[in-house]
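Before any comments, here is the structure.
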Amino acid sequence: MIQLPGDGVDVLTYNGQPLVNTAFPEIGCKARARVVKVTFTQVVVQIFEIEKRRTAIEYRGIFRQMDFDPNAHLCDKFRKGDVVECTILSYGDNGIFVNF
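Residue numbers (the working numbering): 52 to 151.
Okay, here's the thing in structure tokens:
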């Protein structure tokens, strides 16, 4: 089982052993993600690869358009299950904000 760091611990562990060579979502990194939900205004993705390395856990990412166009919907461009390339922009309460 993968465990996140606890009090005084700074190493991610897997079955009690340190997990090394693990990719974490740092701002500016290129990532690959799978589309899990599409609405008119946002796309929710699961980030599974960062800088061509698999992640230990999948991270939730969110894409929202900067300019809202009432005639262009994201559900016309993306489908559930699509694999997309993205860049990590920032972090938020609902997940990691990405740009395609």
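Even for Gly, the Cβ is constructed at its ideal location relative to N, Cα and C.
Item to complete: Let me know if isoleucine 108 comes out buried or exposed under the rule of 16 or more other beta-carbons within 10 Å of its beta-carbon.
Response: Within the sequence shown, the letter at position 57 stands for residue 108. Result: exposed.
Practice prompt. Report buried or exposed for tyrosine 110, applying the criterion of at least 16 other Cβ atoms within 10 angstroms of its Cβ.
Written response: As a working note, residue 110 is residue 59 in the sequence shown. Buried.
Worksheet item: Quick one: what does DSSP say cysteine 80 is sitting in, helix, strand or coil?
Response: Indexing the sequence shown from 1 puts residue 80 at position 29. Of the three classes helix, strand and coil, the one that applies to cysteine 80 here is coil, per DSSP.
Practice prompt. Using beta-carbon positions only, say whether glutamate 100 and isoleucine 139 come within less than 9 angstroms of one another.
Written response: Position 49 of the sequence shown, counted from the first residue, corresponds to residue 100. Position 88 of the sequence shown, counted from the first residue, corresponds to residue 139. Not closer than 9 angstroms, so no.
Fill in: Sequence-distant residues of the same chain with beta carbon closer than 8 angstroms to valine 89, five excluded per side
In the sequence shown, the residue the question calls residue 89 occupies position 38. The residues are Val95, Leu125, Cys126, Phe129, Arg130 and Lys131.
Fill in: Nearest-angstrom Cβ-Cβ length linking threonine 106 and isoleucine 98, presumed shorter than 8 angstroms
Mapped onto the sequence shown, residue 106 falls at position 55. Mapped onto the sequence shown, residue 98 falls at position 47. Contact holds; Cβ gap of about 7 angstroms.
Worksheet item: Less than 9 angstroms separating the beta-carbons of cysteine 137 and arginine 83?
Response: Translated into positions along the sequence shown, residue 137 becomes position 86. Translated into positions along the sequence shown, residue 83 becomes position 32. Taking 9 angstroms as the Cβ cut-off, cysteine 137 and arginine 83 qualify as a contacting pair.
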